[in-house]
Amino acid sequence: MRIFECDVLCIGAGLAGERVAVEAAQAGFRVICLSVVPPKRSHSSAAMGGMQAALGNSIMGEGDCPEIHFNDTVKGSDWGCDQEVARLFAETGPIAMREMAWMGVPWSRVVPGEHTYYKGGKPFQATEKTENEGLIHSRAFGGTAKWRTCYTSDGTGHAVLFTLDNRLLQLGVEVHDRTQAEVLVHDGQRCMGCVARDLRTGELVGYFAKATLIATGGYGRIYRATTNAIICDGGGQIAALETGVVPLGNMEAVQFHPTGTVPTDILVTEGCRGDGGTLLDVNEYRFMPDYEPEKAELASRDVVARRMTEHMRKGLGVKSPYGDHLWLDIRHLGEKHITTNLREVYDISTHFLGVNPIHQLIPVRPTHHYSMGGVRINKDGHAYGLEGLFSAGEAACWDMHGFNRLGGNSLAETIVSGRIVGKKLVEFLKGYETIFSTAEMNAAATKVKDRIAALLRGTGDDCYTLRNEMQDVMMEHVGIFRNGKDLEAGVSKLQDLLERCGNMRLASGDIPGPNAELSMALRVPGMLKLALCTAYGALMRTESRGAHAREDYPERNDKDWLNRTLAYWKEGDSLPTLKYEPATPFYILPPGDRGYGGGKIIPGDIMEDQIVPYDQKG
Amino acid sequence: MGRNLTFEIFRYNPLDPRSFPHMQTFQLEEHPSMTLFIALNLIREKHDASLQFDFCCRAGICGSCGMVINGRPGLACHTQTSDLPDHITLHPLPVFKLLGDLSVDTGTWFRHVGKKIESWIHTNKEFDPNAQEERMSNSLATEIFELDRCIECGCCVAACGTARMREDFIGATAINRMARFYIDPRDNRTPADYYELIGDDNGVFGCMGLLACDSVCPKQLPLQDQLGIMRRMVSMESVRGILPESLRKKLQGCGCGCAKS
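Now the structure itself:
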């Protein structure tokens, strides 16, 4: 087995992984990035909308500051987030955006003078200030008090990812693309790297590293209808969970995006609604103001997605061969706006749906979109349970999103947390020496070899059958609205599928070189474990908070559930072991009403000494 | 009932000594809104699990799925079967190293070229976390983004006559990338630097002007224009000190924002 050695191993080379890699490489450390695809193809590239940061340059963002951004984030999270982390995030946002401008991102800029903007489908005039000409502009996203989302037309993720990847080229960071990390190498105390498969040759490759970063993005592919790229299979979370000592945080916190398109599940950006797009029902009636008079289409994502589902359940959805959906209307924004600021939306509609959004309505429905949960890390990015293991971005549960993240906050998180975690990782590495155990490396490699051998012996279902069944169970039992009965049945079905994995069959057999079926087959048992963490966590959490909506427990219960779920997986078990920790070390913004979404709150007992002012650090 | 589609797909696994290059045929019933992404996955899941191809975003954004579709390079994910005849022939992109069947190694090629043309902002300025960002006009930011939209799918390279003959040709994608840095005031490279990087047969002078790149680009990037702009800039640089400066300046005036001459 080929073995590489480095200071920092970044598993995943999307925005978060690359931002950490840049930080470590700038500090002179040897970094290797692993990626299942060439880094510029990472799912980060698909994020169109933008990054929230309180720069306050635009007229509609005037007076913005990190504290207002912090408040929006905490409310958005339905008080599930770590407030210390949310503050750190909000404070660092503006610096991280400016740094990306320095690196080369062509952010859209303020153009002084009068402009026509849209709010709730209605045009209004606003005058951008002359003194702010050429500074980074911002657009509206849901759940925010100010227009705060920095963007580059409709290709923010693409532009920032290309800039970062170019920076990696410049710094000479080694990138091993088409490489799939399978298991972490560790001794129960320290992480020393991973064993991966080279997807060009099928060979196993070992990596020894002083610090290992998991930045593999979300695990949306456990759902059938998801906006996530096909590579978002939770590889990093699986590797962490299977150590038995690293917990995954809040796996039940799963966000559905209001505007996945039908039938391809491709996302059209929240920028559509931010810019004034409206949601219509079967009668082409705009229904959101009836549910959310103040924010309408721009309430937070969990609220809009639930209201849409609620409306469709009343029989007011549009029937189609692919199931019910609603309409997104952006026609009134005009051809120029649609073909420039919302060009990707235009492209997606015309290429994938055969719909021209300048004249026609876009079929949309809530679709799985984002994983708030992930590898539980502390505020410095260090994973619970293993020294030398870090995580950042969507793969991690840092946890600034709590039970619902705001649009534009996750893309911002990638580079903000990448910057913060990168610096802390560098601090960790300075003066850190460790021992690389060949015994642990061999044990990890043997684990992967044994799994492959078992697949070649298997006589049961193929991986696609098991994966498809899992995805259907997740859609049906662990979707937007949840209840005890369905969740219980879902958990039991998932356990059954996990058991059937023991006899999984490789239809393609033992072929040399790349084998996509084998890559999937190696993932499916781990994906089922993630699905079980999600479903079981949702079953046990008997309240409704943010994106986690229980029909049988509609209240947000701050008395019993103002906490974070930690899911551990003991080898051989068929269910995770759940533990809980307080949601936040202290409160800057004590739990209250979000101002949208409605719902009852069972108040908790917050002690006076748990509340600190925003400006009090530490 | 949809049409009955026939897929004729190139098969070869270079790492399998028993494998040889050949075409294999599969039949599928067409569904509404079917794309090649949906069709190829159906073939893999129902007919032949060993079929190799690449998809990632399946939304025309990541550039993973370039292949030759009925003789023309394009992105498989945004190709609807309804736009094609009922006999669909699929080949891997030429020029790039074949990994298996329809899967080629674009990653290594683009990294190599990216390094060669030094595809990054060259600046002596340090980042100052306490300073306001440097200002830029929105129209310039938009212009830069327009060229930054390349998704490195490799279709332009696969369609390029020069790339087929000249192994080290950097292709329209890299010339477009240079054009992006050329108009970016944050990059302090001069025409002389560009001349060093792309002023040869493997760069702007290798292009034979067939311009298939421009025709096949799935993002409709203005590759033809950028080739012209960069070639003129580098040509004018090559005659610095030979042509009288006033004439050279005049010839250089191409209205492309040659701010750095």
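Going down the list, the protein sequences come from chains Z and F. The opening position of the first sequence corresponds to residue 318 in our numbering, with each subsequent residue numbered one higher. The opening position of the second sequence corresponds to residue 157 in our numbering, with each subsequent residue numbered one higher. We treat Cβ as the ideally placed atom computed from N, Cα and C, and that holds for glycine.
Using 7 Å as the limit for Cβ to Cβ distance, is residue i near chain F?
i, result
"PRO829 of chain Z", "yes"
"ILE349 of chain Z", "no"
"ARG358 of chain Z", "yes"
"ASP494 of chain Z", "yes"
"GLY735 of chain Z", "no"
"SER361 of chain Z", "no"
"ALA770 of chain Z", "no"
"ASP781 of chain Z", "First, the residue type needs correcting, since residue 781 of chain Z is Tyr and not Asp in the sequence shown. Closer than 7 Å: yes."
Which residues share a DSSP beta bridge with residue i?
i, result
"PRO440 of chain Z", "Z:TYR435"
"HIS865 of chain Z", "Z:ARG862"
"THR466 of chain Z", "Z:GLN369, Z:ARG456"
"GLU704 of chain Z", "Z:ARG507"
"GLY896 of chain Z", "Here the sequence assigns Lys to residue 896 of chain Z, which means Gly is not the residue at that position. According to DSSP, which records beta bridges pairwise, LYS896 of chain Z is partnered with Z:LEU883."
"LEU351 of chain Z", "Z:ILE328, Z:HIS493"
"THR162 of chain F", "F:GLN183, F:HIS243"
"TYR687 of chain Z", "Z:GLN572"
"MET223 of chain F", "F:GLY230"
Can you find the residues in the same chain that come closer than 6 Å, C-beta to C-beta, to residue i, ignoring five residues on each side of it along the sequence?
i, result
"MET568 of chain Z", "GLY690, CYS850, THR851, GLY854, ALA884"
"GLY698 of chain Z", "PHE707, ALA709, VAL738, LYS741"
"LEU326 of chain Z", "ILE349, GLY510, TYR524, ALA526, THR529"
"ILE555 of chain Z", "GLY843"
"PHE798 of chain Z", "ALA866, GLU868"
"LYS311 of chain Z", "Not covered by the structure: residue 311 of chain Z. The range shown for chain Z is 318 to 935."
"ASP399 of chain Z", "ASP716, THR901"
"SER259 of chain F", "GLN208, PHE209, ASP210"
"SER734 of chain Z", "ALA709, TRP715"
From residue i to residue j, what distance separates their C-alpha atoms?
i, j, result
"ILE584 of chain Z", "LYS375 of chain F", "Reading the sequence as shown, one finds Leu at residue 584 of chain Z and not Ile. For LEU584 of chain Z and LYS375 of chain F, the distance between alpha carbons rounds to 18 Å."
"GLY523 of chain Z", "GLN208 of chain F", "25 Å"
"TYR602 of chain Z", "CYS382 of chain Z", "37 Å"
"ALA205 of chain F", "LEU231 of chain F", "22 Å"
"HIS686 of chain Z", "GLY577 of chain Z", "8 Å"
"ALA513 of chain Z", "PRO908 of chain Z", "44 Å"
"GLU750 of chain Z", "PHE346 of chain Z", "13 Å"
"ARG784 of chain Z", "ILE923 of chain Z", "43 Å"
"HIS574 of chain Z", "CYS212 of chain F", "19 Å"
"PRO674 of chain Z", "HIS649 of chain Z", "10 Å"
"PHE163 of chain F", "SER238 of chain F", "14 Å"
"VAL490 of chain Z", "ALA532 of chain Z", "16 Å"
I'd like the list of long-range same chain contacts for residue i, defined as Cβ closer than 7 Å, with 5 residues on each side in sequence excluded.
i, result
"THR480 of chain Z", "MET417, MET420, GLY421, VAL422"
"GLU805 of chain Z", "LEU856"
"CYS780 of chain Z", "MET821, GLU834, MET837, ALA838, VAL841"
"ASP389 of chain Z", "GLY460, THR461, ALA462, LEU723"
"ASP370 of chain F", "LEU379, GLN380"
"ARG200 of chain F", "LEU207"
"ASN332 of chain F", "LEU303, CYS306, LEU377, LEU379, GLN382"
"GLY534 of chain Z", "GLY329, GLY331, HIS360, CYS549, GLY710, GLU711, ALA712"
"VAL790 of chain Z", "GLY807, LYS810, LEU811"
Using a Cβ-Cβ distance under 7 Å, would residue i count as near chain Z?
i, result
"ASN171 of chain F", "A quick correction: the sequence has Leu, not Asn, at residue 171 of chain F. So, interface residue."
"PHE163 of chain F", "no"
"SER189 of chain F", "yes"
"LYS416 of chain F", "Legend: pLDDT at LYS416 of chain F = 48, less than 50; position of this residue unreliable, value from coordinates given subsequently. Taking Cβ atoms only, chain Z never reaches closer than 7 Å to LYS416 of chain F, which makes this a no."
"HIS234 of chain F", "yes"
"CYS311 of chain F", "no"
"ASP239 of chain F", "no"
"GLU201 of chain F", "yes"
"PHE182 of chain F", "no"
"ASP370 of chain F", "no"
"LEU198 of chain F", "no"
Below 8 Å CB to CB, which residues in the same chain sit around residue i once its five sequence neighbours on both sides are set aside?
i, result
"GLU308 of chain F", "GLY219, THR262, PHE266, THR329"
"SER417 of chain F", "Because the pLDDT at SER417 of chain F is just 43, under 50, the model does not fix this residue reliably, and the value given afterwards should be weighed accordingly. PRO347, MET389, MET392, LYS405, GLN408."
Residue i: beta carbon under 6 Å from a heavy atom of the ligand COA?
i, result
"ALA866 of chain Z", "Inclusion of the ligand COA in the displayed structure is not the case, the ligand content being empty and no account of it being possible."
The segment 350-363 of chain Z / the segment 429-442 of chain Z touching (three or more Cβ pairs under 8 Å) = no
Do three or more CB pairs link the segment 875-889 of chain Z to the segment 367-384 of chain Z at distances below 8 Å?
-> no
Given 8 Å, three or more beta-carbon pairs between the segment 624-639 of chain Z and the segment 602-611 of chain Z | yes
Counting pairs of Cβ atoms below 8 Å between the segment 586-600 of chain Z and the segment 359-370 of chain Z, do you hit three or more?
-> yes
Using 8 Å as the threshold, is the segment 350-364 of chain F in touch with the segment 386-394 of chain F, meaning 3 or more CB pairs across them?
-> yes
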